[in-house]
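In my numbering, the protein residues as written are 2 to 439.
Here a beta-carbon is modelled for each residue, glycine too, at the ideal position from N, C-alpha and C.
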Amino acid sequence: MPKLVITEGPDAGRSFPLSGDEIIVGRGDAAAIQVSDLTVSREHFSLVPEGTGWKLLDRGSRNRTLVNGDPVLVHFLRDGDRIAVGSTHFAYVGEVSASTPVPNALDLLPTGFENVTVELRGLADIARGASRLAALYTFTEEVSRAERLDDLYPCITRLAREKCDADRAFLFVVDRSGELMTAARSSEDAAERVSVSRTVIDKVLQEGTSIVAADAYGDLRLQGKASIVDNAIRSVMCAPIVSRGRTIGILYVDIQRDGRHFEQEDLRFLSAIGQQAGIAIDNLILRDALMAENHALRSQVTQRHNLVGESPAIGAVLTFIGKVARTDSTVMLNGESGTGKELVARAIHAASPRANKPFVAVNCAALTESLLESELFGHEKGAFTGATAQAKGRFELADTGTLFLDEVGELSPNVQTKFLRVLEESCFQRVGGARQIH
């Protein structure tokens with residue numbers, strides 16, 4: 002039976018067998034083949050049976066109907082014809098018989114893809130490939146609009162789970178300490194325990210290459226692994242997310258149901274997602290760093306020339322600033338409130354090699370002990386009531402820059418102890434955390 006297959010557009014992957022009388026194609030309610038493409042007319046064209054085939058009739062569409070790149074009003078369809086309406090492309094597949102070969106997949110791809118090698122396994126593979134290509138295109142548009150990493154991460158796991166037909170998808174990213182942390186998961190249940198095959202993840206991290214285990218139970222690399230058995234993982238794939246030659250994350254998907262397993266084609270698609278994700282994540286990280294530096298530079302411009310005077314006392318202060326600015330030493334500024342300690346601290350920062358890095362100021366006297374510890378060292382999610390997300394402290398925010406603690410004498414002995422340890426050992430722990438941050 003002849004078919005019409007959508008190869009590009011919002012509905013890519015759908016196919017429609019052709020039978021009966023006139024078939025209307027469009028986005029309106031009267032269309033037997035209804036598409037969601039807003040650039041398609043309500044009744045764009047119709048297909049009418051004629052002899053042993055089908056004839057295409059344009060129904061006065063606003064954006065015209067193209068067949069093999071040419072606008073038509075009437076056209077008798079031949080096997081392999083490409084129909085374009087708006088941003089939706091169809092492929093016409095004629096009656097398949099013993100004497101009629103299945104059309105080459107390249108004939109169903111849009112022009113410009115002639116050099117792509119396709120392993121043809123039938124129309125289902127063509128439709129799936131077209132659907133994945135359209136999904137990747139949509140994904141690149143989504144990530145280009147993402148303003149925050151927290152907005153980007155769920156897009157990655159959603160695409161991986163849906164288009165790889167997986168049961169679960171996880172995204173892990175490497176934090177500053179080199180540890181993997183869970184950035185996103187396909188499940189909406191945030192309380193669900195993250196239990197995956199660590200063997201697969203470690204192998205991808207070590208080798209930097211993608212891995213697929215079509216039969217997780219029978220794979221020699223995974224036989225007897227508790228994570229495979231306990232989570233009833235039937236098939237698993239894992240791909241690195243690489244940025245400028247460095248693995249910055251891992252994209253992991255698995256299948257727990259019977260009757261479905263991953264193939265090499267699935268792995269190639271997952272790797273393609275990982276490549277695009279690496280670019281997107283790196284771009285957002287670089288953008289955030291540039292914005293932070295820009296903010297710091299703007300602050301310096303407004304502060305740099307506020308220290309003025311020609312007296313011997315001011316001259317001594319300026320000389321002191323010039324000396325200590327060239328060092329990485331901790332500096333203590335003594336003076337009564339209102340004498341300009343923060344002004345001197347900003348001048349030291351502006352004259353130092355750290356001038357293009359953040360300057361972070363904290364008024365220790367304005368915060369309670371419990372708040373101050375969280376402000377200085379940050380906290381983990383769930384560390385205390387109201388800690389709904391992980392937060393960086395001032396030490397982390399001032400990394401590679403300058404941290405100015407005003408009224409440090411007001412710190413409680415408990416906080417002073419932790420503060421001195423940070424100065425001596427250059428490492429600390431977030432509130433509620435156990436990992437040392439350097």
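Residue i, buried or exposed, once every other Cβ within 10 Å from all chains shown has been counted against 16
| i | result |
| --- | --- |
| Ala-399 | buried |
| Pro-3 | buried |
| Ala-290 | exposed |
| Cys-165 | buried |
| Arg-269 | exposed |
| His-296 | exposed |
| Ile-251 | buried |
| Ile-315 | exposed |
| Ile-292 | Note that residue 292 corresponds to Met in the displayed sequence, not to Ile. Exposed, by the Cβ-count rule. |
| Gly-394 | buried |
| Ala-227 | exposed |
| Pro-359 | buried |
| Ala-31 | exposed |
| Leu-153 | buried |
| Asp-203 | exposed |
| Asp-59 | buried |
| Ser-20 | exposed |
| Arg-199 | exposed |
| Leu-39 | exposed |
| Thr-158 | buried |
| Ser-236 | buried |
| Asp-329 | exposed |
| Arg-347 | buried |
Proximity of residue i and residue j at Cβ, strictly below 8 Å
| i | j | result |
| --- | --- | --- |
| Leu-334 | Lys-342 | yes |
| Val-6 | Ala-92 | yes |
| Arg-436 | Ser-42 | no |
| His-380 | Ala-362 | no |
| Thr-248 | Val-175 | yes |
| Pro-241 | Val-205 | yes |
| Gln-277 | Thr-141 | yes |
| Phe-77 | Gly-95 | no |
| Ala-352 | Ala-326 | yes |
| Ala-390 | Val-432 | no |
| Leu-396 | Leu-406 | Per the sequence presented here, residue 396 reads as Phe, with Leu not at that position. Going by C-beta atoms, Phe-396 is not nearer than 8 Å to Leu-406. |
| Gly-209 | Ser-244 | no |
| Asp-12 | Ser-47 | no |
| Leu-74 | Leu-285 | no |
| Glu-294 | Asn-357 | yes |
| Ile-274 | Leu-160 | yes |
| Ala-215 | Glu-143 | no |
| Ser-196 | Asp-231 | yes |
| Arg-83 | Pro-72 | no |
| Glu-44 | Ile-25 | yes |
| Val-254 | Arg-355 | no |
Local conformation of residue i per DSSP, three classes
| i | result |
| --- | --- |
| Tyr-93 | strand |
| Ser-51 | Checking the sequence shown, residue 51 turns out to be Glu, not Ser. Strand at Glu-51. |
| Leu-58 | strand |
| Thr-386 | coil |
| Glu-44 | coil |
| His-76 | strand |
| Ala-99 | Bear in mind that the predicted position of Ala-99 carries a pLDDT of just 42, short of 50, making it unreliable; the figure below should be weighed with that in mind. In this structure, Ala-99 counts as coil in the three-state DSSP scheme. |
| Leu-412 | coil |
| Leu-223 | coil |
| Thr-320 | helix |
| Gly-279 | helix |
| Ser-132 | helix |
| Leu-404 | strand |
| Ala-293 | helix |
| Val-332 | coil |
| Val-213 | strand |
| Asp-231 | helix |
| Phe-263 | coil |
| Tyr-218 | coil |
| Ser-312 | coil |
| Pro-11 | coil |
| Asp-203 | helix |
| Ala-147 | coil |
| Asp-166 | coil |
| Asp-511 | It is not possible to answer for residue 511, since the shown part of the chain is limited to 2 through 439. |
| Val-423 | helix |
Strand pairing of residue i, partner residues [DSSP]
| i | result |
| --- | --- |
| Tyr-253 | Phe-171, Cys-239 |
| Ile-84 | Val-68, Phe-91 |
| Thr-183 | Phe-173 |
| Phe-429 | Ile-438 |
| Val-1 | Nothing can be reported for residue 1: it is not among the residues displayed for the chain, which extend from 2 to 439. |
| Thr-248 | Val-243 |
| Gly-27 | Gln-35 |
Any non-hydrogen atom of the ligand HEM closer than 7 Å to residue i Cβ
| i | result |
| --- | --- |
| Ala-167 | With respect to the ligand HEM, the structure offers nothing, as it holds no ligand at all. |
task: Ignoring anything shorter than 3 residues or poking outside the segment 337 to 393, list the beta strand (DSSP E) runs there in chain order.
output: With a minimum length of 3 residues, the continuous beta strand (DSSP E) runs that stay inside the segment 337 to 393 are 360 to 364.
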